[in-house]
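Asks: A single structure is presented below for examination.
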């Protein structure tokens, strides 16, 4: 059957519209899920960055405290107190 009637064309169009609506809905859900995952990863990354900053600050304090000049100054001040 080569020639389609108006009713058959309308049914085909309705089917296409329904399928496209379903696809759009599913893609919207996928996009929302991906956005949620990205936000969760960014929050975790921020927490890790905060911990790294704290660790770096601690390393700086320890390095400053253990610098040779400060250690020798502290030792010499102990002996010079007499």
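Numbering (the working numbering), first residue to last: 2 to 83. Just so you know, even glycine gets a beta-carbon here, dropped at the ideal spot from N, CA and C. Here the structure is a predicted model, which means the values were calculated and not measured.
According to DSSP, simplified to helix, strand and coil, what is residue 29?
Replies: If DSSP states are grouped into helix, strand and coil, residue 29 belongs with the helices.
Asks: Helix or strand or just coil, what does DSSP make of residue 84?
Replies: Residue 84 lies beyond the stretch modelled for the chain, which goes from 2 to 83, so this question has no answer here.
Asks: Distance, Cα to Cα, residue 60 vs residue 21?
Replies: Cα-Cα distance, rounded: 57 Å.
Asks: Tell me the residue span of the alpha helix (DSSP H) that contains residue 79.
Replies: Where residue 79 is concerned, the enclosing alpha helix (DSSP H) stretches over 69 to 81.
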